[in-house]
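In the working numbering, the protein residues as written are 21 to 317.
All residues carry an ideal CB built from backbone N, CA and C; glycine is no exception.
Take a look at the structure set out below.
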Amino acid sequence: MKHLVISILLVLISTNVLAQLLVQDQLLLETQHYGEQLLNVKEIQGDNYLLDEKGGRNISTKWWNGELVQAINQSTYALDAHWCVGKTYDYFCDKFGLTGWDNEDYEVEVIVNIFNSDITSPGYSPYDRNIINGSFVEYGYTYVLDAYGHEFTHGVLHFMDILQGNSTNTQGLNEGICDIFGSAVEHEHINPFTPFSWDFLGDRDLSNPNLSGNADTFEGNNWTTRYNRATIVGYMFYLLVEGGSDTNDNGYDYNVSPIGMDKAVQMIYRSLSSDHLDNDSGFEDFYLACMEVAFED
21 MKHLVISILL
31 VLISTNVLAQ
41 LLVQDQLLLE
51 TQHYGEQLLN
61 VKEIQGDNYL
71 LDEKGGRNIS
81 TKWWNGELVQ
91 AINQSTYALD
101 AHWCVGKTYD
111 YFCDKFGLTG
121 WDNEDYEVEV
131 IVNIFNSDIT
141 SPGYSPYDRN
151 IINGSFVEYG
161 YTYVLDAYGH
171 EFTHGVLHFM
181 DILQGNSTNT
191 QGLNEGICDI
201 FGSAVEHEHI
211 NPFTPFSWDF
221 LGDRDLSNPN
231 LSGNADTFEG
241 NNWTTRYNRA
251 TIVGYMFYLL
261 VEGGSDTNDN
271 GYDYNVSPIG
281 MDKAVQMIYR
291 SLSSDHLDND
301 SGFEDFYLAC
311 MEVAFED
């Protein structure tokens, strides 16, 4: 029987999910990392609900074989993935007016629990245009907000048709910008279960990149892979938000006054629309784009 808009149905089940509260098209479900959270679902029959959203947000969470994940009796990391992508979707919409990846509500497909040794954390596929992740058992710790915010941003850059080139600097800039928005989304949803951290899955600490073997200076120490280079823009973003002073690897002193998260993230997003950025842009182009936006204010 279809529920009324104002009706509230408490569904008791005999799993480790304590209860689900159905309000309109949302269920209160127990995630692995974030406690109980309201997730948007699609009712298909009786008390059977899928992690599938249409109208408002176009997000679907599926198993590796393409089947939609059922919401009830699935206290798995799939719930975390669906919640994280939904929060990221809302963040880009609320902060920048962007509806989905392409601003036309293109479906955001989230694939979970893939048994493939090469898939150890969330990843964006430019070919299939979806976000994938690996085994719950081995890589459940990667089903977190900053990681999914990072991958969602890859989709945004892909649909913007910028920073898709093959050079190490272009790819490093792409990764760095994704780190920025992954951190910003996590900061927006600070909660008791997962306090905000500038550390990205233990691989890249944006507040002090050298500690994790990454670069904090253009062509400075640890200037190797795209991921090592990515952190120079992440560190720039950290300094914009928090402020700081030091001497960089090239011997230049700096002293940055903080402008806070909201102003910093708006500046970064606006820079993405600059004429300085195309598919083959690098760090110098990003510098020019940021300077252009800064002087506009």
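Unbroken alpha helix (DSSP H) run spanning residue i, endpoints
{"i": "residue 194", "result": "188 to 208"}
{"i": "residue 283", "result": "281 to 291"}
{"i": "residue 69", "result": "No alpha helix (DSSP H) contains residue 69, which is instead part of the beta strand (DSSP E) from 68 to 70."}
{"i": "residue 297", "result": "From DSSP, residue 297 is part of no alpha helix (DSSP H); its letter is neither H nor E."}
{"i": "residue 213", "result": "Premise fails: residue 213 is in no alpha helix (DSSP H) and is neither H nor E."}
{"i": "residue 304", "result": "303 to 316"}
Which listed residue (the options) has its alpha carbon closest to that of residue i
{"i": "residue 140", "options": "130, 148 and 152", "result": "152"}
{"i": "residue 145", "options": "176, 264 and 293", "result": "176"}
{"i": "residue 187", "options": "249, 205, 90 and 288", "result": "249"}
{"i": "residue 161", "options": "85, 122, 262 and 101", "result": "101"}
{"i": "residue 129", "options": "118, 116, 105 and 137", "result": "105"}
{"i": "residue 12", "options": "60, 315, 46 and 157", "result": "Because the chain here runs from 21 to 317, residue 12 falls outside it and cannot be looked at."}
{"i": "residue 184", "options": "305, 137 and 299", "result": "299"}
{"i": "residue 60", "options": "52, 83 and 89", "result": "89"}
{"i": "residue 47", "options": "109, 91 and 74", "result": "91"}
{"i": "residue 289", "options": "277, 306 and 57", "result": "306"}
{"i": "residue 137", "options": "264, 131 and 158", "result": "158"}
{"i": "residue 62", "options": "71, 55 and 56", "result": "71"}
N-terminal and C-terminal residue of the beta strand (DSSP E) that residue i is part of
{"i": "residue 121", "result": "That residue, residue 121, is in no beta strand (DSSP E); it is neither H nor E in DSSP."}
{"i": "residue 273", "result": "273 to 276"}
{"i": "residue 79", "result": "79 to 83"}
{"i": "residue 268", "result": "Residue 268 -> no beta strand (DSSP E), and no H or E assigned at all."}
{"i": "residue 165", "result": "Looking at the DSSP string, residue 165 is not in any beta strand (DSSP E); the run it does join, the alpha helix (DSSP H), is 165 to 180."}
{"i": "residue 49", "result": "46 to 50"}
{"i": "residue 59", "result": "56 to 60"}
Local Cβ density within 10 Å of residue i, reported as buried at 16 or more and exposed below that
{"i": "residue 275", "result": "exposed"}
{"i": "residue 107", "result": "buried"}
{"i": "residue 231", "result": "exposed"}
{"i": "residue 283", "result": "exposed"}
{"i": "residue 133", "result": "buried"}
{"i": "residue 239", "result": "exposed"}
{"i": "residue 173", "result": "buried"}
{"i": "residue 37", "result": "Reliability fails at residue 37, whose pLDDT of 34 lies under 50, so the model's placement of it is uncertain and the value that follows must be treated cautiously. Classification for residue 37: buried."}
{"i": "residue 215", "result": "exposed"}
{"i": "residue 251", "result": "buried"}
{"i": "residue 234", "result": "buried"}
{"i": "residue 22", "result": "The predicted position of residue 22 is uncertain, since its pLDDT is 34 and thus under 50; no value can be drawn from it."}
{"i": "residue 68", "result": "exposed"}
{"i": "residue 210", "result": "exposed"}
Assumed close pair residue i, residue j - CB separation to whole angstroms, cut-off 8 Å
{"i": "residue 229", "j": "residue 254", "result": "7 Å"}
{"i": "residue 156", "j": "residue 96", "result": "6 Å"}
{"i": "residue 117", "j": "residue 169", "result": "No, residue 117 and residue 169 are not in contact; Cβ-Cβ is about 17 Å, not under 8 Å."}
Suppose only complete runs of 3+ residues qualify. What are the beta strand (DSSP E) ranges in the region 125 to 152, listed by chain order? Listed in chain order, they are 128 to 134 and 143 to 145.
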